[in-house]
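Here our numbering runs 99 ahead of the position in the sequence shown, where the first position is 1.
Structure first, then comments.
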Amino acid sequence: MSDMRIIVDHMKLDYSGLFNAKELFKIINKWCQDRNIHKKEDKCFEQSLPEGKDMEYEISPWKKISDYIRYIYRIRILFKEVKKTEVIKEKKKVKADQGRILLYLDGFIEHDYEHRWDERPMFIFFRALFDRFIYKSYTERFEHRLTHDIHDLYDEIERFLNTYRHYKVVSKSPHF
Numbered sequence: 100m101s102d103m104r105i106i107v108d109h110m111k112l113d114y115s116g117l118f119n120a121k122e123l124f125k126i127i128n129k130w131c132q133d134r135n136i137h138k139k140e141d142k143c144f145e146q147s148l149p150e151g152k153d154m155e156y157e158i159s160p161w162k163k164i165s166d167y168i169r170y171i172y173r174i175r176i177l178f179k180e181v182k183k184t185e186v187i188k189e190k191k192k193v194k195a196d197q198g199r200i201l202l203y204l205d206g207f208i209e210h211d212y213e214h215r216w217d218e219r220p221m222f223i224f225f226r227a228l229f230d231r232f233i234y235k236s237y238t239e240r241f242e243h244r245l246t247h248d249i250h251d252l253y254d255e256i257e258r259f260l261n262t263y264r265h266y267k268v269v270s271k272s273p274h275f
């Protein structure tokens with residue numbers, strides 16, 4: 100059995116206002132592609148309600164670091180009361196989504212994901228010794244790198260959502 104350690108636990112981003120869900124997913128996909136991270140979609144759920152759409156997405160991208168260690172990022176996005184609206188962007192009417200986003204980011208390090216050290220109890224004991232004493236600085240370096248990656252993704256999503264704060268909702272079509 101591989102050893103999973105939680106490095107970043109439930110980093111939360113709460114946003115209410117205008118956004119574009121497709122562009123948000125493009126930002127996440129581009130971030131994964133830039134870092135050669137393989138994407139795996141775990142959950143995709145939508146429900147239409149009278150007050151708007153509720154959606155839930157869970158993505159678990161992973162990256163192989165070595166033959167022994169891999170990163171697992173868990174991205175959980177909850178959209179609440181999402182409605183389509185028209186906004187003004189650079190003197191043009193554009194469609195956007197309006198609602199609330201809850202974003203949770205988790206980061207895990209998985210040791211021995213190929214289960215090479217799980218065949219015998221003696222191997223498991225040696226693996227625990229190596230992880231705790233010999234490879235400790237090696238593992239800490241990977242933990243810092245994973246934490247940096249999660250914070251980088253958080254900052255990129257936050258910057259993206261802050262661009263929508265300057266848009267104005269159109270109730271009537273303005274004359275230009």
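C-beta atoms are modelled at their ideal positions from N, C-alpha and C, and glycine is treated no differently.
Remember, predicted model here, so these are calculated numbers, not experimental data.
Rounded to the nearest angstrom, how far is the Cβ of residue i from that of residue j, given a contact under 8 Å?
{"i": "D211", "j": "S101", "result": "5 Å"}
{"i": "R244", "j": "E209", "result": "Actually they are not in contact, since the Cβ atoms of R244 and E209 sit about 14 Å apart, beyond 8 Å."}
{"i": "H109", "j": "Y203", "result": "5 Å"}
{"i": "R175", "j": "E157", "result": "5 Å"}
{"i": "I106", "j": "E242", "result": "5 Å"}
{"i": "W161", "j": "I136", "result": "7 Å"}
Quick one: what does DSSP say residue i is sitting in, helix, strand or coil?
{"i": "E140", "result": "strand"}
{"i": "R219", "result": "coil"}
{"i": "D211", "result": "coil"}
{"i": "E157", "result": "strand"}
{"i": "E189", "result": "coil"}
{"i": "D166", "result": "coil"}
{"i": "S147", "result": "strand"}
{"i": "R175", "result": "strand"}
May I ask you to list the residues that DSSP assigns as paired with residue i?
{"i": "T184", "result": "A195"}
{"i": "K111", "result": "Y203"}
{"i": "R104", "result": "I208"}
{"i": "F118", "result": "D196"}
{"i": "K152", "result": "S147, V181"}
*Okay, do the region 128-147 and the region 105-119 touch, 3+ Cβ pairs below 8 Å being the bar?*
no
*Decide yes or no for the touch test of the region 148-160 against the region 175-194: beta carbon pairs closer than 8 Å, at least 3 of them.*
yes
*For the 8 Å Cβ check, are there 3 or more pairs between the region 251-258 and the region 125-135?*
yes
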